[in-house]
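Report on one structure; see the data block that follows.
As structure tokens, then:
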């Protein structure tokens, strides 16, 4: 490994240049901005490091970029899942630099997607490059699956996986995110919450009218507010009948993991300007709620006039975007059915529901041998014992690999608590990026010996 590590150190600047190039290519899936160009750039970067690459297309949606390189030494296969699409950069006025500039400053690369997920993707590609340039091959079979719709719920990935199932077969997979905490401890994630994203729409009159007509004309904003108020009480309990059916508490193994997680409660509160968490939760109970409690969240509201000053208008329509984060044994399609039934029973059958992306909750058991392998490699590279999360509060299409294809999946990456994922001034520390390349290289080596 010394020669591989030496190559990584000597070529760090060129690695950063390639990351900057990828960050500079917009790829906002929510807007359909730059998707084809970014997919072609990812394919080009795969070819550059020695992968055989191709673009896979479904009947709809953004392309998936697939890459592989075979080993002459083993039949074992390690798959990497990543995505090239990014979140919208708004609000633009809060960025220090243009979100698609890839600005290098203060030992960091700034830009939308710098860490989520282009930095993690490039760190893995560069580990392959280091092997190919120093040894001429890789010690295990490597596969990359890089999609362009993760940030909108991966609505078209499943048909592509089913169509090309043999391409996606593997012995294990490393998921797309992770990193270290403020004390340099690597964090590993064994699963994801599911998610159901919807939009609720209330429509009343044919047009906006003067608010003087309020005694007679129904107000779409109030109609929607009243509907939303039936979904959850002030103690955060979701009121949809049957919502919690099948939800199970964490296992003893998972409880053991939770007790070993150094939850940075004080730092998180300070960073967000909070005196306390919801319901006064703290310590272990706060962490357990974060990872194992399903949620209903209003992501955004829109209705009427929201500009400067006053405008006495009665809005004809109102819209709210929501997501439901789900835990194992909850199914997005069942939650959607229960939501529709709830609104009907509560007298809001006129509220239109538009479904966007959804993914199922999933987890790999704590006891799976691949978990131990990744944890051991992380400890070796980072010099600190790995912190293992049995579940992540986030979501993604991991279930398609763990449940449909049937191999263990662990998530690890090169992020940091101050990377500002999904927020203005997203960034990736260069030091973390290079360390991440070395971690991937070491994991490939350890996987070959496993």
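Residue numbers (my numbering): 1 to 450.
Every residue gets a Cβ at the ideal spot worked out from N, C-alpha and C, and that includes glycine.
Here the structure is a predicted model, which is why all the values come from computation and not from measurement.
In this structure, what does DSSP give as the bridge partners for residue 296? 324
Can you round the beta-carbon distance between residue 436 and residue 123 to whole angstroms, since I take them to be within the 8 Å contact cut? 4 Å
So, is residue 100 buried or exposed, given that buried needs 16 or more other C-beta atoms within 10 angstroms? Flag for residue 100 reads buried.
Three Cβ pairs or more, each shorter than 8 Å: is that satisfied between the stretch 67-75 and the stretch 48-55? yes
Identify, in the order they occur along the chain, each residue of the same chain with its Cβ nearer than 6 Å to the Cβ of residue 447, setting aside the five sequence neighbours on each side. 78, 140
Checking 8 Å against the spacing of the C-beta atoms, do residue 330 and residue 365 come in under that value? no
If contacts are defined as beta-carbon pairs under 8 Å, then residue 371 and residue 410 qualify, I think. What distance do you get, rounded to the angstrom? In this structure residue 371 is in contact with residue 410, their Cβ atoms being roughly 6 Å apart against a cut-off of 8 Å.
Would you say residue 149 and residue 61 are within 8 Å of each other, going by their C-beta atoms? For residue 149 and residue 61, yes; Cβs fall inside 8 Å.
By alpha-carbon positions, which one of 92, 117, 377 ends up nearest to residue 419? 117
Of the listed residues 104, 12, 83, nearest to residue 113 (C-alpha basis): 83
What are the residues that DSSP puts in a beta bridge with residue 421? Partner(s): none; residue 421 has no beta bridge.
If you follow the alpha helix (DSSP H) that residue 186 is part of, which residue opens it and which one closes it? Residue range 186-189 is occupied by the beta strand (DSSP E) that includes residue 186, with no alpha helix (DSSP H) assigned at that position.
Let me know if residue 325 comes out buried or exposed under the rule of 16 or more other beta-carbons within 10 Å of its beta-carbon. buried
Under three-state DSSP, which class holds residue 213? Of the three classes helix, strand and coil, the one that applies to residue 213 here is helix, per DSSP.
Can we say the stretch 312-322 touches the stretch 274-285, given the rule of at least three CB pairs closer than 8 Å? no
Secondary structure at residue 25, three-state DSSP: helix, strand or coil? Note: residue 25 maps to coil in three-state DSSP.
Output the distance between the C-alpha atoms of residue 64 and residue 157, rounded to the nearest integer angstrom. 8 Å
Which residue wins for smallest C-alpha separation from residue 311, given the options 373, 164, 210? 210
Find the nearest neighbour of residue 45 within the set 357, 255, 17, 56, judged by alpha-carbon distance. Considering only 357, 255, 17, 56, the residue with the shortest C-alpha distance to residue 45 is 17.
Buried versus exposed, by CB contacts within 10 Å (16 or more), residue 399: Residue environment analysis places residue 399 among the buried positions, since at least 16 neighbouring C-beta atoms fall within 10 angstroms of its C-beta.
Let's see if you can read the secondary structure: which residues bound the beta strand (DSSP E) around residue 142? 141-147
Drop a sphere of 10 angstroms on the beta-carbon of residue 276, count the other beta-carbons inside from all chains shown, and report buried for 16 or more, exposed for fewer. exposed
Between which two residues does the beta strand (DSSP E) carrying residue 359 extend? 352-359
Could you tell me which residues DSSP pairs with residue 389 in its beta bridges? 189
Rounded to whole angstroms, what is the Cα-Cα separation between residue 241 and residue 350? 19 Å
Which same chain residues end up closer than 8 Å to residue 76 when comparing Cβ atoms and leaving out the 5 residues on each side of it in sequence? Closer than 8 Å at Cβ, skipping near neighbours: 140, 141, 171, 447, 448, 450.
Look at residue 383 and residue 176 and say whether their C-beta atoms are less than 8 Å apart. no
Would you mind sorting residue 323 into buried or exposed? The rule is 16 or more other CB atoms within 10 Å of its CB. buried
In chain order, each beta strand (DSSP E) run of at least 3 residues that lies wholly inside the stretch 102-164: Complete beta strand (DSSP E) runs here, min 3: 108-110, 141-147.
Please classify residue 68: does DSSP put it in a helix, a strand, or coil? Residue 68 falls in the strand class under three-state DSSP.
So, residue 296 versus residue 238, is the Cβ gap smaller than 8 Å? Yes.
To the nearest whole angstrom, what separates the beta carbons of residue 110 and residue 126, a pair I think is in contact under 8 Å? Incorrect: roughly 19 Å between the Cβ atoms, too far for contact.
Might you give, ordered along the chain, the residues of its own chain that have their beta carbon closer than 8 Å to the beta carbon of residue 499, omitting 5 neighbours on each side? Residue 499 lies beyond the range of the chain shown here (1 to 450); nothing can be said about it.
Given a cut-off of 8 Å, decide if residue 357 and residue 58 are closer than it, judged by their beta-carbon atoms. no
Contact test: residue 304 Cβ vs the ligand PLP heavy atom, cutoff 7 Å: No copy of the ligand PLP appears in this structure; indeed no ligand is present at all.
Would DSSP call residue 342 helix, strand or coil? In the three-state reduction of the DSSP assignment, residue 342 falls in the helix class, which pools H, G and I.
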